[in-house]
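Sequence lines, in order, name chains A and B. For this note's numbering, count along the first sequence from 1 and bump the result up by 2. For the record, in the second sequence the residue sitting at position 104 is 86 according to this note's numbering, with numbers rising by one throughout.
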Amino acid sequence: MTGAAVVLHQFRFDQKVFWRNRVSIFFTAALPLIFLLMLASVTQDDQLSGVKGPTYFVPAIIVLAVISATTVKLATNLPAEREAGQLKRVRGTPLPPAAFVAGRVGNSLVISVIMVALVSVIGALVYGVTIPTHTMPAMLVTLAVGAFSFSCLGFALAAVIPTAEAAPAVTNATVLPLYFLSGVFIPQNEIPDGVLNVADAFPIRHFFEAMFTVWDPNTTGSGFELGHLAIMAAWGVFGLVIAVRFFRWEPRR
Amino acid sequence: MADSVISVKGLRKSYDGFEAVRGIDLEVGAGEIFAFLGPNGAGKTTTVEILEGYRPRNGGEVTVLGTDPESADRDWHQRVGFVLQECRLVPELTPREAVEQYAGYYAAPRDVDQTVKLVGLADKADVRTSKLSGGQQRRLDVALALIGDPELLFLDEPTTGFDPSARRQAWDFIGGLRDLGKTVFLTTHYMDEAQALADRVAIISAGRIVATGSPEELGGGRDARTEIRFRLPEGAHAPDLPFAVRTSARIDAGAVSLTADDPVPLLRELTNWAAERGVGLPGLQVSRPSLEDVYLELTEQVDGAEGSR
C-alpha cells in the first residue's frame, strides 16, 4: 500500500473500533452533548459576556468536545494499548509509525468535526443560536489548529503517563480544572481576572477565546484570533517535541 | 552456513550492570523449527527481543535474514512475523477484521480468509475477539504474525497458560508451520514442548548457552548415561551380586541403582545371575535421561555455580 492508502486503512479500523466501544462513545460523543443541553438550558435567559447563554456555551462545548476527542481520547487509549502490548505488536510490522500516528490524528479529527457539527446544529435548532457565516473560515481554521495542537498534547501526555491505570486520572486532573478556569464550564464574566491570567498560561483558554470570537454575534471582522491561534500552535509543537522525545511503544516491565 | 537465517556470535546485554546475556552463539538454518529453552530470568526474552529488533545489544554480532535487526528497516519487517509473549487483541474487532487490518500493512500478504482458516478460527471469524478462549486468542496472534507471509516466525512462549489439550492442539498447529516452509524460532520453558516440536534446541541458563543439539542428542548425548534400578531379590545380599554390578552400584535399603554408558553387558550379567539363582529382579527399570532430566541438570549446575559465587 502507498503511504496515503495505509493511513486511510489504519484510519478506517480506528473508526470501526471507536464506534463499537460504548464507553468511548459515551465519554467522547454523548457527554459533551449532555453538558451542552444542561448548561444552555439553565442559561437561556442570561446574558454572558455580552451574548445569550446558549450562544456562550456552544463554542465552550465545541472546545470541550474537541479536547475530548483529541487529548483525552489519545492520552487514555494509548497507554492502555501500550500496556496491552498492542503498540509493540504494531511496531513489529512494516506499518510506518507516522502512518499509525496519522491514522489516530485523522480519527480524532473526524470525531471532532462530527461533534462540532452536532453541537452547532443542536445550538441552532434547540436554542436558536446563529451559526457563523462570515466567520466560518475562521471557525474551520480554529478547529484545525485546535485539533492538531490538542492531538499533539494527547500524544505528549500518553508519552509521560506511565501506566494504563494512571491514564484517566492524570488526563482528567489536567483538563478538568482548566475547563473551569478557562471559562468552558463557568461563564468567563464570573471568573476573577487573576484566575483568567492563570488560565492564559495554558492552551485551553486560548482555544476557547478563539472559538468564542467566531461565535460572538458582535464580532465584526473575519474572526481570526491570530494571537490565540499562534499560542495554541506553539503548545501543539511543544507537545509534538515531548511526544517524539518520550513516546514509547513498549510496556514498562 | 549459507542458508543461515539467524546467526548470533558473542551476544552480550546488560541492564544496570546486570549481565542478562553473557556471550551467546546461535545458528538457525532455513526451514528449521528451533527451540530456545530456559527457565524464567535466564535471558531468553532479552535474546529474542534483540533478534526481533526491539532491543539494542551491548556486544556481539547478530544477523537475522541477512540484516542486523538493530538497524532493520520496514522492508525487513515484511519478512518476519512476531508472536509476542504478552499481547492482547483489540476487543472491538473480529478475527477476520484483525487479520484484515494487519494484511494492510504488508506488500504481499497471504489471503485473509485462508489464514483465518489455517489457524482454525473459520467458525469464529466474525465474533468479537473478546469472546474467544485463551487458546483461540493465541491462534489469532499467530494468524496476525503469519498474514504477511514471513520467512521467519518468532513464537515467544506460545502455550504459556494453556491447559494440556490446548497445548496439544497448539503443537499440532506449530508443527504444521513446517509444511509452509517457515523458519520458526520458538521460545519456551517447557521441555516437552521443545521435544515435541523442535528440530534443534538450545538451552540457556543464567545468560549462557549450556547445550545445543537435536532433542534426541541432548536427551541421549555422549554424556548421558543409562540408569538401571531394581530391588535386591528376596534372600540376596549386596555381596552376592556380580562383581561388575556390585562395584558400580549404590545400594540403599535393598534398592540398587547404577548408571552406565553402555548398559547391555551389565544387564546381561545381571539377568544371567538372576536366572542362575532362580530369582527375579523386582522393580527392574532401565531408563535413558529425558530432555527434561538433562535440562534440569544443566540449569541446576549453573544456578548452583551462581549461588556460590
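Just so you know, even glycine gets a beta-carbon here, dropped at the ideal spot from N, CA and C. Model, not experiment: these values are computed from the prediction.
Counting every other CB atom within 10 Å of its CB across the protein chains shown gives residue 247 of chain B a total below 16, marking it as exposed. Excluding the 5 residues flanking it on each side, residue 126 of chain A has same chain C-beta neighbours closer than 6 Å at 133, in chain order. In this structure, DSSP gives residue 164 of chain B a state outside helix and strand, which the three-state scheme calls coil.
Within the stretch 61 to 90 of chain A, the residues whose Cβ lies closer than 7 Å to some Cβ of chain B are 86, 87, 88, 90, listed in chain order. Within 8 Å of the CB of residue 98 of chain A, the CB atoms of chain B belong to 56, in sequence order along the chain. Between the stretch 166 to 177 of chain A and the stretch 115 to 130 of chain A, the count of C-beta pairs closer than 8 Å stays below three; the two stretches do not touch. Contact of residue 230 of chain A with chain B is not assigned, every C-beta pair being separated by 8 Å or more. For residue 267 of chain B, the uninterrupted beta strand (DSSP E) segment begins and ends at 267 to 269.
Cβ-Cβ distances below 8 Å link residue 173 of chain A to 73, 74, 77, 78, 159, 163 in the same chain, with the five nearest sequence neighbours on each side left out; the list follows chain order. Ranked by Cα distance from residue 245 of chain A, the first of A:208, A:206, A:157 is A:157. For residue -3 of chain B, the uninterrupted beta strand (DSSP E) segment begins and ends at -14 to -3. In this structure, the CA atom of residue 242 of chain A is about 20 Å from the CA atom of residue 202 of chain A. Scanning chain B for C-beta atoms nearer than 7 Å to the C-beta of residue 94 of chain A yields 34, 59, 64, reported in chain order. For residue 234 of chain B, the enclosing beta strand (DSSP E) has its first and last residue at 232 to 234. Scanning its chain for C-beta atoms nearer than 6 Å, with the 5 sequence neighbours on each side dropped, one finds around residue 52 of chain B the residues 38, in chain order. In terms of Cα proximity to residue 215 of chain B, the closest of B:208, B:259, B:241 is B:259.
Excluding five sequence positions before and after residue 71 of chain B, the CB atoms of its chain that fall closer than 7 Å to its own CB belong to 80, 111, 119, 122, given in chain order. For residue 134 of chain B against residue 47 of chain B, the beta-carbon gap comes to about 6 Å, under 8 Å, which counts as contact. Under the Cβ criterion of 8 Å, residue 75 of chain B is counted among the residues facing chain A. For the stretch 81 to 102 of chain B, the set of positions with a beta-carbon nearer than 7 Å to some beta-carbon of chain A reads 83, 84, 86, 87, 88 in chain order. Beta-bridge annotation (DSSP): residue 46 of chain B is paired with B:-12, B:49.
Residue 6 of chain B carries a strand assignment under DSSP once its states are collapsed to helix, strand and coil. One Cα belongs to residue 179 of chain A, the other to residue 207 of chain A, and the distance between them is close to 11 Å.
Sixteen is the threshold: when 16 or more other Cβ atoms of the shown chains lie within 10 Å of the Cβ of residue 151 of chain A, as they do, the residue is buried. The shortest C-alpha to C-alpha distance from residue 249 of chain A to any of A:49, A:84, A:68 is the one to A:84. The beta-carbon distance between residue -7 of chain B and residue 44 of chain B, rounded to whole angstroms, is 6 Å. This is short enough to meet the 8 Å contact definition. By the Cβ-count criterion, residue 90 of chain A is buried, with 16 or more other Cβ atoms from all chains shown falling within 10 Å of its own Cβ.
Remark: C-beta atoms of residue 138 of chain B and residue 16 of chain B do not approach each other more closely than 8 Å. The shortest C-alpha to C-alpha distance from residue 162 of chain B to any of B:128, B:190, B:263 is the one to B:128. Rounded to the nearest whole angstrom, the CA to CA distance from residue 147 of chain B to residue 117 of chain B is 10 Å.
The beta carbon of residue 109 of chain A does not come within 8 Å of any beta carbon belonging to chain B, so the residue lies off that interface. In the three-state scheme derived from DSSP, where H, G and I count as helix and E and B as strand, residue 238 of chain B is classed as strand.
With contacts defined by Cβ atoms closer than 8 Å, residue 125 of chain B and residue 166 of chain B do not form a contacting pair. Contact annotation: the stretch 107 to 119 of chain A does not touch the stretch 152 to 159 of chain B, with fewer than three C-beta pairs closer than 8 Å. Residue 195 of chain B is bridged by DSSP to B:183. Neighbours of residue 72 of chain B in chain A, taken as residues at a C-beta separation under 7 Å, are given in chain order as 19, 88.
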